[in-house]
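Structure first, then comments.
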């Protein structure tokens, strides 16, 4: 339920502010989980007219000196994210810090420090003013009926999470969403990822990335993707798992995009012969359409690339990137 509510908030809120103290492992997991939700929403809502804003506020409330805050920024922001410093706009003539950090996902990181201290006077006023201004221009964009919106959201996402057909309606008498299908809801097949995300019945290929610098100064990037039973094909074929890959450039980054469909063999489920009928229950293996983009490297030209099928059901992509900047970026 917690995972479901987090996804609902990310999908419906115009502005999301994540506040964290010193960045622990659990904080990083929480941030990346929300960013994953956001990316999934963005893929589905590419034509949406409403812009969604995400800000991460690093609240170093225990630090009083500017030097200590700068050291913590180095640890928690610059070393944990790929960031560029950019100006804080709309703060008028306020004195103090006028910079924030934008990471590789386009998310802005802001800083707070101990109230009333040297660092607090330097960081807090501009950060708070910036957030208040952002809230002022976004809070009236969209009116939301929470009950109807959550009902629609659950009817869209819950069947994928639990692998069952359900239909929720609002019961005004008991102020609750109830299943009108009448079937018993089984939840023993639900699984979670390491980030606490519920594994749905859709398919998302697992992959790993290895990067190393070669003797000639070039960089080698190896991507191993688990695409068991998927054959390379542009067009779908009945009851056949397929995959298509391509590379593209966005905001200076080169991406490997994988699209296709994973299909599981259900056996003789349509046979009229009772002896040959097979009951198919899919609790653990994913299937369905997939479309993922894997970030490879920034501002580098491709020297060579190849793909190969490994015996264990892994497709390996190997890219060699030039040491110099690519003039096409």
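Numbering (the working numbering), first residue to last: 862 to 1190.
Glycine included, each C-beta is placed from N, C-alpha and C at the ideal position.
These numbers come from a predicted model, not from an experiment.
For this session: At 4 residues or longer, and completely inside the stretch 867-917: list those alpha helix (DSSP H) runs for me, N to C.
Result: The qualifying runs are 886-905.
Exercise. What number of angstroms, rounded off, separates the C-alpha of residue 1148 from the C-alpha of residue 1120?
Worked result: For this step, residue 1148 is matched to residue 287 along the chain shown. For this step, residue 1120 is matched to residue 259 along the chain shown. Whole-angstrom Cα-Cα distance: 13 Å.
For this session: Over the uninterrupted alpha helix (DSSP H) stretch that includes residue 928, give me the two end residues.
Result: Here residue 928 refers to the residue found at position 67 when the chain shown is read from its first residue. 927-934 is the span of the alpha helix (DSSP H), which, as asked, contains residue 928.
Exercise. Name the DSSP bridge partner or partners of residue 1150?
Worked result: The residue labelled residue 1150 in the question sits at position 289 within the chain shown. Beta-bridge pairing links residue 1150 to 1122.
Problem set entry | Straight-line gap, residue 982 to residue 879 (C-alpha atoms, nearest Å) | Mapped onto the chain shown, residue 982 falls at position 121. Mapped onto the chain shown, residue 879 falls at position 18. In a straight line, the C-alpha of residue 982 is about 22 Å away from that of residue 879.
Exercise. Leaving out five residues before and five after residue 922 in sequence, what residues of the same chain have Cβ atoms less than 8 Å from its Cβ?
Worked result: Translated into positions along the chain shown, residue 922 becomes position 61. Closer than 8 Å at the Cβ level, and outside the excluded window around residue 922, lie 882, 973, 974, 975 and 976.
Problem set entry | Length-filtered (3 minimum) beta strand (DSSP E) runs lying within the stretch 947-976 | 960-963 and 969-974
Exercise. Rounded to whole angstroms, how far is the Cβ of residue 1181 from the Cβ of residue 1165, which I believe are closer than 8 Å?
Worked result: The count along the chain shown starts at 1 and reaches residue 1181 at position 320. The count along the chain shown starts at 1 and reaches residue 1165 at position 304. That pair is a contact at about 5 Å.
Exercise. Considering only C-alpha positions, which residue in the set 979, 1026, 1158 and 900 is nearest to residue 1082?
Worked result: Translated into positions along the chain shown, residue 1082 becomes position 221. Minimum Cα distance to residue 1082 is reached at 1158.
For this session: Would you kindly check if the distance between the Cβ of residue 1084 and the Cβ of residue 1038 is under 8 Å?
Result: The count along the chain shown starts at 1 and reaches residue 1038 at position 177. The count along the chain shown starts at 1 and reaches residue 1084 at position 223. The answer is no: Cβ separation not under 8 Å.
Problem set entry | residue 1165 in three-state terms, based on DSSP | As a working note, residue 1165 is residue 304 in the chain shown. In this structure, residue 1165 counts as strand in the three-state DSSP scheme.
Problem set entry | Terminal residues of the beta strand (DSSP E) in which residue 1087 lies | In the chain shown, the residue the question calls residue 1087 occupies position 226. Residues 1080-1087.
Problem set entry | Inter-residue Cα distance where the pair is residue 887 and residue 1067 | Position 26 of the chain shown holds residue 887. Position 206 of the chain shown holds residue 1067. Residue 887 and residue 1067: Cα-Cα distance of roughly 22 Å.
Problem set entry | Other residues of its chain near residue 871: CB distance less than 7 Å, five sequence neighbours each side excluded | The sequence position of residue 871 within the chain shown is 10, counting from 1. Answer for residue 871: 877, 895, 898, 899 and 902, listed in chain order.
Exercise. When the Cα of residue 933 is compared with those of 1108, 970, 916 and 966, which residue comes out closest?
Worked result: As a working note, residue 933 is residue 72 in the chain shown. For the residues 1108, 970, 916 and 966, the minimum Cα distance to residue 933 belongs to 970.
For this session: Please classify residue 1161: is it buried, with 16 or more other beta-carbons within 10 angstroms of its beta-carbon, or exposed?
Result: The sequence position of residue 1161 within the chain shown is 300, counting from 1. Around the CB of residue 1161, 16 or more other CB atoms lie within 10 Å, so the residue is classed as buried.
Problem set entry | Beta-carbon proximity list for residue 1153, same chain, < 7 Å, skipping 5 on both sides | As a first step, residue 1153 is located in the chain shown; it is residue number 292 there, counting from the start. Excluding residues within five positions, the ones whose Cβ falls inside 7 Å are 1065, 1066 and 1119.
Exercise. Out of 1028, 1036, 1022 and 988, which has the shortest C-alpha to C-alpha gap to residue 1007?
Worked result: Here residue 1007 is taken as the residue at index 146 of the chain shown, counted from 1. Minimum Cα-Cα distance from residue 1007 among the listed residues 1028, 1036, 1022 and 988 corresponds to 1036.
Exercise. Taking the C-alpha atoms as reference points, what is the distance between residue 1062 and residue 948?
Worked result: Taking the chain shown and counting its residues from 1, the one referred to as residue 1062 is at position 201. Taking the chain shown and counting its residues from 1, the one referred to as residue 948 is at position 87. Summary for residue 1062: the model assigns pLDDT 48, below 50, so the residue's position carries little reliability; its value from the coordinates is reported in the next sentence. Taking the straight line from one Cα to the other gives about 43 Å.
Problem set entry | Opposing strand residues paired with residue 1117 [DSSP bridges] | For this step, residue 1117 is matched to residue 256 along the chain shown. Looking at the DSSP assignment, residue 1117 forms a beta bridge with 1108 and 1155.
Exercise. Quick one, are the C-beta atoms of residue 1015 and residue 1029 less than 8 Å apart?
Worked result: Sequence index remark: in the chain shown, residue 1015 carries index 154 (1-based). Sequence index remark: in the chain shown, residue 1029 carries index 168 (1-based). Contact flag set, yes.
For this session: Sort out for me which residues DSSP pairs residue 1070 with in a bridge.
Result: What you label residue 1070 is simply residue 209 of the chain shown in a count that begins at 1. Under the DSSP definition of a beta bridge, residue 1070 partners with 1084.
Problem set entry | Those residues which DSSP pairs with residue 1181 across a bridge | Start at 1 with the first residue of the chain shown, and residue 1181 comes out as number 320. 1081 and 1165, per the DSSP bridge assignment.
For this session: Could you please give me the residues that DSSP links to residue 1176 through a beta bridge?
Result: For the purposes of this step, residue 1176 is identified with residue 315 of the chain shown, where counting begins at 1. Beta-bridge pairing links residue 1176 to 1086 and 1170.
Exercise. Which residues share a DSSP beta bridge with residue 919?
Worked result: Position 58 of the chain shown, counted from the start, is the residue given in the question as residue 919. Bridge partners of residue 919: 881 and 972.
Exercise. Closer than 8 Å, CB to CB, is residue 1093 near chain B or not?
Worked result: Among the chains in the structure shown there is no chain B, since it carries only a single protein chain.
Problem set entry | Straight-line Cα distance separating residue 1102 from residue 1094 | Within the chain shown, residue 1094 is the residue found at index 233, counting from 1. Within the chain shown, residue 1102 is the residue found at index 241, counting from 1. Their backbone Cα atoms lie some 9 Å apart in a straight line.
Exercise. Among 865, 1097, 1174 and 1173, which has the Cα closest to the Cα of residue 1017?
Worked result: Indexing the chain shown from 1 puts residue 1017 at position 156. Among 865, 1097, 1174 and 1173, the Cα nearest to that of residue 1017 belongs to 865.
Exercise. What are the residues that DSSP puts in a beta bridge with residue 1031?
Worked result: Against the chain shown, residue 1031 aligns to sequence position 170. According to DSSP, residue 1031 bridges with 1038.
Problem set entry | Residue of 1111, 1088 and 1115 minimising C-alpha distance to residue 1125 | Your numbering for residue 1125 matches position 264 in the chain shown. Selected option, being the one with the closest Cα: 1088.
Exercise. For residue 966, which residues from the same chain have a beta carbon less than 6 Å from its beta carbon, with the 5 sequence-adjacent residues on both sides left out?
Worked result: Residue numbering aside, residue 966 sits at position 105 when the chain shown is read from its first letter. These residues qualify, in order along the chain: 896.
Exercise. Tell me which same chain residues have a C-beta within less than 8 Å of the C-beta of residue 1069, skipping the five on either side of it?
Worked result: Counting from one through the chain shown, the residue named residue 1069 turns up at place 208. Cβ within range, chain order: 1084 and 1085.
Exercise. Among all the DSSP beta bridges, which residues are the ones paired with residue 1092?
Worked result: On the chain shown, position 231 is the one that residue 1092 refers to. BP columns for residue 1092 point to 1103.
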